[in-house]
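Have a look at the structure below, then the notes.
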Amino acid sequence: LQRLEAKGLVGSRMGEATPERGGRRKRLFTVTPAGSRLLHQVRAVRTNLWERIAPQSLPSLDVKPLP
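Quick look at the structure:
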């Protein structure tokens, strides 16, 4: 998460201290607009890749109806 934050893909802030955490604060992360754009791009690339793989090359994923 620290590397993603350094790249501007996520942001973080410190939450409030809580008794459940022994008085320690929790670091809370959120996806930035740049991170969201990158996620959508990666999803599109992955979807495109799966659509280009010929179904016959993946026989183990061939789902057949039960008799």
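Just so you know, my numbering puts 75 at position 46 of the sequence shown, and the rest follows in order with no gaps.
Each residue gets a CB set at the ideal place from its N, CA and C atoms; glycine is no exception.
Worksheet item: So, helix, strand or coil for Thr-59, using DSSP?
Response: strand
Item to complete: Identify which residue in Ala-46, Ser-65 and Gly-51 has its Cα closest to the Cα of Leu-57.
Response: Ala-46
Worksheet item: Three-state secondary structure (DSSP) at Gly-64?
Response: In this structure, Gly-64 counts as helix in the three-state DSSP scheme.
Worksheet item: Looking only at its own chain, which residues have a Cβ that is under 6 Å from the Cβ of Val-60, when we skip the five neighbours before and after it?
Response: Val-39
Worksheet entry | Residues near Leu-78 by beta carbon distance below 8 Å, same chain, minus five either side | none
Worksheet item: What are the boundary residues of the alpha helix (DSSP H) that Glu-34 is part of?
Response: Glu-34 -> alpha helix (DSSP H) spans 31 to 35.
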